[in-house]
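Numbering (the numbering used here), first residue to last: 6 to 283.
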Ligand code: ADP
Ligand code: MG
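Okay, structure coming up:
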């Protein structure tokens, strides 16, 4: 029997609003998912704002706990991880968030951001080795180390910051990467570039990626499979091609209709054309 990298079993997350209030938000409803260990893929989780996407990311990273259900990573419930296993989980499961500023401390240079995980997870044998690993990670996201090392966050463009985030995740050679709207705050011209570095991470290092987005255009180019969330419920799932070409649920159709070009065969990177008036 092949093993699972990740297994989400009937996970629900309910947020209570204040101590005295009886109102509650069900952000995720009995959600289940399995991702096999030996066949890494890219899964898109799509849905409009408020559909529960970030809740799912936070649950997977262990930042919040499920109200009911379990998240199993390589055979173990992540709630019960301790010591070495927990450290390993934190190394193998990485995230890239929407706001490329969020993980930067304004007082530290890019070098610092990259050397902290190298030290913490003991990734390098020497200073030279650490530098080589940093260079390799930066090169693979299309950044030249000499352009960014030694700089402070405010001295970089948004696209550079986000690529450094991807490079940081790459440094750790994660098995699972959770990318929560990684390009929504980045200029359109740089989006393809960043998404391509995610794809390369998958192709070259076998990283399983959960790509979270409200934008089905990028989903089409990035992922193999897709699930569509609507108010915490999965309304549709399947391979990305058939879901986008032949959406079954009204809500998915709405998302598909907001794709800005009519021709899905267009090559990635071609300029976007406005939809022809009908
Ligand atoms: P998305 O990322 O798809 O925009 P979220 O997971 O952030 O969706 O939110 C899902 C729902 O849960 C929304 O209705 C949101 O208002 C609510 N929510 C998210 N985080 C909290 C929280 N910490 N406390 C209370 N409600 C929350
Ligand atoms: Mg979100």
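Backbone N, C-alpha and C fix where the C-beta goes; we use that ideal spot for every residue, glycine too.
Owing to the predicted nature of the structure, the values given are computational and were not obtained by experimental measurement.
Taking C-beta to C-beta, are residue i and residue j nearer than 8 angstroms?
i           : j           : result
residue 174 : residue 182 : yes
residue 126 : residue 96  : yes
residue 199 : residue 48  : no
residue 241 : residue 226 : no
residue 76  : residue 65  : yes
residue 221 : residue 214 : no
residue 62  : residue 209 : no
residue 235 : residue 256 : yes
residue 187 : residue 245 : no
residue 153 : residue 115 : yes
residue 261 : residue 249 : yes
residue 54  : residue 207 : no
residue 176 : residue 138 : yes
residue 180 : residue 146 : no
Am I right that residue i and residue j are in contact with their C-beta atoms under 8 angstroms? What's the rounded C-beta distance?
i           : j           : result
residue 189 : residue 103 : 6 angstroms
residue 16  : residue 74  : 4 angstroms
residue 230 : residue 37  : Rounded, the Cβ-Cβ distance is 14 angstroms, inconsistent with contact.
residue 158 : residue 111 : 6 angstroms
residue 34  : residue 243 : With 8 angstroms as the limit, residue 34 and residue 243 do not qualify as a contact, their Cβ atoms being about 19 angstroms apart.
residue 60  : residue 32  : 4 angstroms
Closest to residue i by C-alpha separation, out of the options, would be which residue?
i           : options               : result
residue 83  : 160, 13, 209 and 178  : 13
residue 149 : 165, 262 and 32       : 165
residue 170 : 137, 209 and 120      : 120
residue 19  : 72, 140 and 191       : 72
residue 264 : 101, 44, 109 and 51   : 51
residue 155 : 135, 191 and 117      : 117
residue 142 : 160, 161 and 122      : 122
residue 79  : 43, 60, 161 and 88    : 43
residue 94  : 195, 68 and 138       : 68
residue 135 : 179, 124 and 193      : 124
residue 224 : 212, 206 and 197      : 197
residue 178 : 167, 161, 195 and 205 : 205
residue 11  : 91, 39 and 88         : 39
residue 162 : 26, 195, 259 and 21   : 195
residue 92  : 27, 128, 25 and 23    : 128
Any heavy atom of the ligand MG within a distance shorter than 7 angstroms of the CB on residue i?
i           : result
residue 185 : yes
residue 236 : no
residue 218 : no
residue 58  : yes
Please determine whether the Cβ atom of residue i lies at a distance below 7 angstroms from any heavy atom of the ligand ADP.
i           : result
residue 256 : no
residue 211 : no
residue 52  : yes
residue 36  : no
residue 55  : yes
residue 113 : no
residue 225 : no
residue 22  : yes
Would you say the beta carbon of residue i is closer than 7 angstroms to some non-hydrogen atom of the ligand COA?
i          : result
residue 30 : Because the ligand COA does not appear in the structure shown, any question about it cannot be addressed here, the ligands present being the ligand ADP and the ligand MG.
Would you list the residues sitting across from residue i in a DSSP beta bridge?
i           : result
residue 188 : In the DSSP output, where bridge partners are listed per residue, residue 188 has none listed.
residue 40  : 11
residue 17  : 73
residue 50  : 217 and 232
residue 81  : 78
residue 99  : 182
residue 243 : 231
residue 30  : 20
residue 238 : 235
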